[in-house]
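Chemist: The following block contains the structure, expressed as structure tokens.
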Amino acid sequence: MSAVLPPASHSAPVHSSASLYVGDLSPDVSENKLYEVFNNIGQVQSVRVLRDHTTRRSLGYAYVNFQHADHAEKALEIMNFKVITDRPCRIMWSQRDPNVRKSGKGNIFVKNLAKSIDHEQLRDTFAHYGPILSCKVQTNKLTGESLGYGFVHFSNEADALEAIQNANGCALKDQVIEVAPFVGRGQRTKGFTNLFYKNVPRTYSQKNIEDMFAEHGEITSSKFMPAPPNDEKKVCHAGFVNFKTQEQAKTAQEALNHQDLGEKKLQVFIAQRKEERNAELKRKNELVKDERFRQMRGQNLYVKNLGDNVDDTKLNEMFARFGQITSGKIMIDEKTKKSKGFGFVCFQTTESAMQAVSLNGQMFDGKPLYVSMAQRKSERINQIEQNMARRNKPQGGGYMGPYPGAGMPRAYPQGPPMAPWGAHPMMGRPIMAQGPGQYQLVPQQGPSHRGGGGPGTNRGPRGGGRGGRVHDGGRGMGRQFAQHPRENRGPRDNNRIAQAPAPQPVEPQVAVEPAELSTTDFIKAAASLPDQKRKHVFGERLFPMVAQSEPDLAPKITGMLLEMEDTEIVELLESPQALEKKIQEAIAVLNEAQNGEE
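Using this note's numbering, the first residue of the sequence shown is number 1039, and each one after it goes up by one.
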């Protein structure tokens, strides 16, 4: 029969320091609160709550320094395990020497504790063996419930050895506890001796299971978890068996795993903590996903901007003409049971998938489709980061984007003054994007601005370089040429003009008045335009929306948004929340770029 541990009065160690460690504090406890509490006991010299460097949130512990050591000792006796704000605190002497804490000397590990035992009861149980530096019962961080084990750190190693010898195997609140020297995580044996088993039929008892495992080695401890009698879901027993050596545990696992027990097959695993088990399962799932994605690479398509009424059948019918489909699925929201607006289509061959990508940008159910090769999340994030870095990189003396004002010379670190969409802030002439970093002048339909040209005057492409920088047509030499075309031209200029090709007439623009159309009608009208003109009318619609939120940065932000895919721009036009989110992301990118320049 196991001996019963009697409770004992606490004996504090003789300590010359006047500094206390106060742990298990609520995040709301501040230095002022601790000063008020402890200064009533003795004169407090300083208080420091340890905080996270980034969030400045309390880490749950603090140091309280007294003027005199006897005041600190009195505070330890009075306030230890007392409630501060809403939690009982845990106080011990501050140990400045990290070698003492990390060596493990005098520290013991106690397990199989009753759930009702707390820090104070554990300390009182072991206090008669000698002075205790610290005592802790490990608890669940979310619920605060005891995990059934704890630690007791004695000031003398001899007291710890005596506690192990006398307390191991004794009963504490009707449970036999196990007491052993504390072993640091880095010093523990990497092998395993503890096994977890499950799928044991109800007809088996604890003795039947232990006898099965005992045939393969010496069992040091076991825990049997019977299935609840009234629970139809949990119809099998489970439990843990710990062997003396790793070889015995390994032999038992190999011999008993998948053993036929009649109606069930026994399953035996290496016992793991929940975090370790979840990490291993996550790693295995990632390997399975990687292998599946590797097999489907070049055959799997990502399709988004789908209507709410598009289901799996319509999705498969839409892509069936390109080849044999192995799978096609619309992603469904688990809560609302409605389509998320995107899905995946996997073809039998790569050739079929490549042909199906041609549907990108085509209208389906009133929306332009977005079709591309499916990517892993990590690949997609990496690609987005590279695109953002490319947009931030100055080109051609500060150019950072395809839209007027997206990247001006450094004379305008925040961009030029705001101008209406389509009018270059330095020219007063509308422009039309031809592609990333390229522009073409659009013919004026009214009086010219700042020099030269009358109604209907056609102007060819102007500006130079890859950056698409348009020269100032209303300032300096440009104005002189416009007002006095012959007086300022010498023979050399005439030769250049004679050799230059004749300006090409600009294609008439398709009339789309974005301000007068509803969003749905506008999207349908824009979908019929060529790619070059579609970006232009999208910009006319986006610019005033962006200017409402960020008037000073509207040109830059609009230029960044126009680099997105058409389907993504459509989403921004339909959803003010999505647009505002993208605006904030663009502001963050611009601030980061500006900080880098500074």
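Virtual Cβ for every residue (Gly too), placed ideally from N, Cα, C.
Entirely within the stretch 1056–1144 and at least 4 residues each: give me those alpha helix (DSSP H) ranges in chain order.
Modeler: Whole alpha helix (DSSP H) segments, 4+ residues: 1069–1077, 1107–1117, 1136–1141.
Chemist: Am I right that L1160 and G1188 are in contact with their C-beta atoms under 8 Å? What's the rounded C-beta distance?
Modeler: About 5 Å; that satisfies the 8 Å criterion.
Chemist: P1239 and L1299: beta carbons closer than 8 Å?
Modeler: Result yes, Cβ atoms of P1239 and L1299 sit closer than 8 Å.
Chemist: Can you confirm whether S1096, when its beta carbon is compared against all beta carbons of chain C, has any partner nearer than 8 Å?
Modeler: No chain C appears in this structure, which consists of one protein chain only.
Chemist: Within the continuous alpha helix (DSSP H) that includes F1251, where are the two ends?
Modeler: From DSSP, the alpha helix (DSSP H) with F1251 extends over 1244–1252.
Chemist: To the nearest angstrom, how far is it from the Cα of R1507 to the Cα of T1387?
Modeler: For R1507, the pLDDT reaches just 40, beneath the cut-off of 50, and the residue's location in the model is therefore unreliable, although a value from the coordinates is still provided. Roughly 44 Å between the two C-alpha positions.
Chemist: What number of angstroms, rounded off, separates the C-alpha of V1085 from the C-alpha of R1125?
Modeler: Whole-angstrom Cα-Cα distance: 19 Å.
Chemist: Do H1254 and F1262 have their beta-carbon atoms positioned less than 8 Å apart in this structure?
Modeler: Against a cut-off of 8 Å, the Cβ pair of H1254 and F1262 comes out as no contact.
Chemist: Could you check whether the stretch 1144–1155 touches the stretch 1206–1221, counting it as contact only if at least three pairs of C-beta atoms, one from each stretch, sit closer than 8 Å?
Modeler: Flag = yes, the stretch 1144–1155 and the stretch 1206–1221 touch.
Chemist: How far does the beta strand (DSSP E) with T1177 in it reach, from first residue to last?
Modeler: First-last of the beta strand (DSSP E) with T1177: 1170–1177.
Chemist: Under the DSSP definition of a beta bridge, which residues are partnered with G1404?
Modeler: None, per the DSSP bridge assignment.
Chemist: Nearest-angstrom Cα distance between Y1167 and F1192?
Modeler: When rounded, the distance between both Cα atoms is 9 Å.
Chemist: Check this for me: beta carbons of K1342 and T1605, under 8 Å apart or not?
Modeler: Yes, they are a contact pair.
Chemist: Is it a yes or a no for the stretch 1066–1086 touching the stretch 1101–1120, going by three-plus beta-carbon pairs under 8 Å?
Modeler: Short answer: they touch.
Chemist: Measuring CA to CA, which of C1127, W1131, V1175, A1205 is closest to F1164?
Modeler: Nearest option by C-alpha distance: A1205.
Chemist: DSSP has K1594 in a bridge; who is on the other side?
Modeler: For K1594, which the question treats as bridged, DSSP gives no partner whatsoever.
Chemist: I'd like the list of long-range same chain contacts for S1154, defined as Cβ closer than 6 Å, with 5 residues on each side in sequence excluded.
Modeler: Around S1154: no qualifying Cβ.
Chemist: Do you know whose CA, among K1282, Q1305, D1156, lies nearest V1293's CA?
Modeler: In the sequence as presented, Val is not what sits at residue 1293; that position holds Ala. Considering only alpha carbons, the answer is Q1305.
Chemist: Just verifying my parser: in three-state terms, what is the DSSP assignment at V1326?
Modeler: In the structure shown, V1326 sits in a helix (DSSP, three-state: H, G or I).
Chemist: Quick check: what's the CA-CA separation for E1195 versus S1172?
Modeler: Approximately 14 Å, taken between the alpha carbons.
Chemist: Which class does G1602 belong to by DSSP, given the choice of helix, strand or coil?
Modeler: Correcting the residue type first, residue 1602 is Met in the shown sequence and not Gly. Of the three classes helix, strand and coil, the one that applies to M1602 here is coil, per DSSP.
Chemist: What residues in its chain sit with their C-beta under 6 Å from that of K1211, if we drop five residues either side in the sequence?
Modeler: Counting only Cβ-Cβ distances below 6 Å, and skipping sequence neighbours, we find A1152.
Chemist: Cα separation between K1112 and A1631?
Modeler: Rounded to the nearest angstrom, the two C-alpha atoms are 57 Å apart.
Chemist: Provide the residue span of the alpha helix (DSSP H) that contains I1215, from first to last.
Modeler: Looking at the DSSP string, I1215 is not in any alpha helix (DSSP H), and its letter there is neither H nor E.
Chemist: Measure from the alpha carbon of S1637 to the alpha carbon of each residue in F1385, E1318, E1248, D1328, then state which is nearest.
Modeler: Past the edges of the chain, shown from 1039 to 1636, lies residue 1637, and the structure says nothing about it.
Chemist: Following the continuous alpha helix (DSSP H) through L1294, name the residue where it begins and the one where it ends.
Modeler: Per DSSP, L1294 belongs to the alpha helix (DSSP H) from 1284–1294.
Chemist: Within a Cβ cutoff of 7 Å, which residues of the same chain sit near G1178, ignoring the five residues on either side of it in sequence?
Modeler: For the record, residue 1178 in the displayed sequence is Asn; it is not Gly. Hits under 7 Å: L1185.
Chemist: For the putative contact between L1650 and K1594, defined by C-beta atoms under 8 Å, what is the C-beta separation to the nearest angstrom?
Modeler: Any question about residue 1650 goes unanswered here, given that the chain covers just 1039 to 1636.
Chemist: Expressed to the nearest angstrom, what Euclidean distance is found between the alpha-carbon atoms of L1567 and A1626?
Modeler: Going from the Cα of L1567 to the Cα of A1626 covers about 32 Å.
Chemist: Measure the C-alpha to C-alpha separation of K1302 and P1264 and round it to an integer number of angstroms.
Modeler: Going from the Cα of K1302 to the Cα of P1264 covers about 15 Å.
Chemist: Determine which residues share a DSSP beta bridge with Y1340 and list them.
Modeler: F1382, S1410, per the DSSP bridge assignment.
Chemist: Can you tell me where the alpha helix (DSSP H) with L1160 in it begins and where it stops?
Modeler: Unbroken alpha helix (DSSP H) run through L1160: 1157–1164.
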